[in-house]
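Undergrad:
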Amino acid sequence: MNWHDFWPPVRISLQVAALSSVIVLILGTAAAWWMSRRRFKGKIVLETVLMLPLVLPPTVVGFLLLVLLGRKSWIGQAAERLFDAPVIFSWWAAVIAAVVVSFPLVYQTMKNGFATVDPELENAGRANGASEWQVFRYITLPLAIHAVGTAFILGFARGLGEFGATLMIAGNIPGKTQTIPTAIYVAVDAGNTPMAWAWTAAIVAISFLMLLLTGRRNPPESTRAAVQPRKSL
C-alpha cells in the first residue's frame with residue numbers, strides 16, 4: 000500500500016462530486032420546476048431528452064460530450080479561447096461528465112417533490128401579490144425541501160461513481176483528473192490488488208454513508224403540517 004498514491008483520487012473524487020452535485024441540483028431544480036408548471040406541445044419529447052443520460056451507456060454519453068466539447072467543436076473552441084485551455088482532459092471535464100450523468104436522478108427527484116406541493120398554497124401566494132419567484136422561494140421550495148436533500152445526495156453519489164463518461168472526456172491523469180473509479184480500473188489492470196481494494200472500500204463507504212442519509216425518513220413536521228389540508232373553521 001502506497002498511501003501517497005491513495006489519497007489524490009479520493010480528494011479529486013470528493014471535489015468533483017461536491018461541485019457537480021451543487022451545479023446539477025440548481026439545474027435539475029430549475030428544470031423540474033419549469034417542466035412541472037408548464038404545458039406545451041412536445042413536452043414529452045423534451046422530458047425524454049432530459050432523461051436520456053439515465054439509460055444511455057456512460058461511454059455513449061462520454062463520446063457525445065467529447066464531440067460537443069472537443070477542440071474541433073465551436074463550443075470547445077470558444078471555451079479554449081475564453082479560458083486559454085481546452086475543456087477536455089481537464090478537471091472541469093470530470094465535473095461536466097458528473098453533472099450530465101446525474102442530472103436525470105436529480106431532475107426526477109425534484110419533479111416528484113414539486114408534485115407533492117398543494118397548488119392551492121401557491122395560488123394563495125399569487126393571489127396575495129407574490130411574484131413567481133417569491134412563490135417558488137417562499138412556498139414551493141420550502142415544502143419540497145425533503146426532495147432537495149434527497150436530490151443532492153443522489154447527485155453526489157452518482158457523480159462520485161461516474162466512470163465511463165469521465166474516462167472519455169477527462170481521461171485518467173494522476174493528480175489531475177484521476178478519480179476513484181478510474182484509479183480502481185488502472186490498479187486492477189496493473190495487478191495492484193491492495194490499492195484496488197483500498198479504493199473500493201473508500202468509495203463503498205462514502206456511497207453507503209451518502210445513501211444512508213436519504214434514509215426514507217419522513218418529512219419534517221413543519222412540512223407535513225403545511226401540506227396537510229387545513230380544516231375549515
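What the sequence shown shows, in numbering that gives the first Met the number 0, is residues 0 to 232, in sequence order.
Every residue gets a Cβ at the ideal spot worked out from N, C-alpha and C, and that includes glycine.
If you reduce the DSSP assignment to three classes, tell me which class K42 lands in.
TA: For the purposes of this step, residue 42 is taken as residue 43 along the sequence shown, with counting starting at 1. In the structure shown, K42 sits in a helix (DSSP, three-state: H, G or I).
Undergrad: DSSP three-state call for P56: helix, strand or coil?
TA: Translated into the one-based positions of the sequence shown, residue 56 becomes position 57. Residue state, collapsed to three classes: coil.
Undergrad: V60 and V105 look like a contact to me (Cβ under 8 Å); what is the Cβ gap, rounded to whole Å?
TA: By 1-based counting over the sequence shown, the position of residue 60 is 61. By 1-based counting over the sequence shown, the position of residue 105 is 106. Going by Cβ atoms, the distance from V60 to V105 rounds to 15 Å, so no, they are not a contact pair.
Undergrad: For P57 and P103, I'd like the C-alpha separation in whole angstroms.
TA: Here residue 57 refers to the residue found at position 58 of the sequence shown. Here residue 103 refers to the residue found at position 104 of the sequence shown. Their Cα atoms are separated by approximately 13 Å.
Undergrad: By Cβ distance below 7 Å, which residues in the same chain neighbour A16 in space, the five residues on each side in sequence not counted?
TA: Against the sequence shown, residue 16 aligns to sequence position 17. So the list reads A97, F155, G158 and L159, once near-sequence residues are dropped.
Undergrad: Which residue wins for smallest C-alpha separation from L308, given the options G163, Q107, I138 and M109?
TA: In the structure as shown, the chain begins at 0 and stops at 232. Residue 308 is therefore absent and cannot be evaluated.
Undergrad: Name the residue from S19, V44 and I183 whose alpha carbon lies nearest to the alpha carbon of W90.
TA: Numbered from its first residue, the sequence shown carries residue 90 at position 91. Nearest option by C-alpha distance: S19.
Undergrad: State the Cα-Cα distance for the pair T192 and E119, rounded to the nearest angstrom.
TA: On the sequence shown, position 193 is the one that residue 192 refers to. On the sequence shown, position 120 is the one that residue 119 refers to. Going by the C-alpha atoms only, they are around 58 Å apart.
Undergrad: Label A201 either buried or exposed according to how many other C-beta atoms from any shown protein chain fall within 10 Å of its C-beta, with 16 as the threshold for buried.
TA: Reading the sequence shown from its first residue, position 202 is the one you call residue 201. By the neighbour-count rule (16 or more Cβ atoms within 10 Å), A201 is buried.
Undergrad: Smallest Cα separation from G27: which of P8, A150 and P85?
TA: Here residue 27 refers to the residue found at position 28 when the sequence shown is read from its first residue. Here the closest residue by C-alpha is A150.
Undergrad: Alpha carbon to alpha carbon, what distance is there between M109 and N122?
TA: Start at 1 with the first residue of the sequence shown, and residue 122 comes out as number 123. Start at 1 with the first residue of the sequence shown, and residue 109 comes out as number 110. Going by the C-alpha atoms only, they are around 20 Å apart.
Undergrad: Alpha carbons only, please: which of A31, I179, I25 and M167 is nearest the one belonging to I11?
TA: Counting from 1 along the sequence shown, the entry for residue 11 is found at position 12. The option with the nearest alpha carbon to I11 is I179.
Undergrad: For the pair the stretch 66-84 and the stretch 125-145, tell me if three or more CB-CB distances fall below 8 Å.
TA: Segments in contact, no.
Undergrad: Could you check what DSSP says for T176 in three-state terms: helix, strand or coil?
TA: For the purposes of this step, residue 176 is identified with residue 177 of the sequence shown, where counting begins at 1. Three-state result, T176: coil.
Undergrad: Ignoring anything shorter than 4 residues, give me the alpha helix (DSSP H) runs that lie fully in the stretch 106-172, in order along the chain.
TA: For the stretch 106-172, whole alpha helix (DSSP H) runs of length 4 or above, ordered along the chain, are 118-126, 131-134, 144-159 and 163-168.
Undergrad: Leaving out five residues before and five after M209 in sequence, what residues of the same chain have Cβ atoms less than 7 Å from its Cβ?
TA: Here the question's residue 209 lines up with position 210 in the sequence shown. Contacts found: I152, F155 and A156.
Undergrad: Of the residues V86, Q107 and L68, which one's Cα is nearest the Cα of A29?
TA: Numbered from 1 along the sequence shown, position 30 holds the residue referred to as residue 29. For the residues V86, Q107 and L68, the minimum Cα distance to A29 belongs to Q107.
Undergrad: Quick check on this structure: which residue in A186, I172 and G148 has the alpha carbon closest to the alpha carbon of G112?
TA: On the sequence shown, residue 112 is found 113 positions in, with the first residue counted as 1. Ranking the options by Cα distance to G112, first place goes to G148.
Undergrad: Going by DSSP in three states, S89 sits in which element: helix, strand or coil?
TA: Translated into the one-based positions of the sequence shown, residue 89 becomes position 90. Three-state result, S89: coil.
Undergrad: Does L13 come out as helix, strand or coil in the three-state DSSP assignment?
TA: Taking the first residue of the sequence shown as 1, we reach residue 13 at position 14. In the structure shown, L13 sits in a helix (DSSP, three-state: H, G or I).
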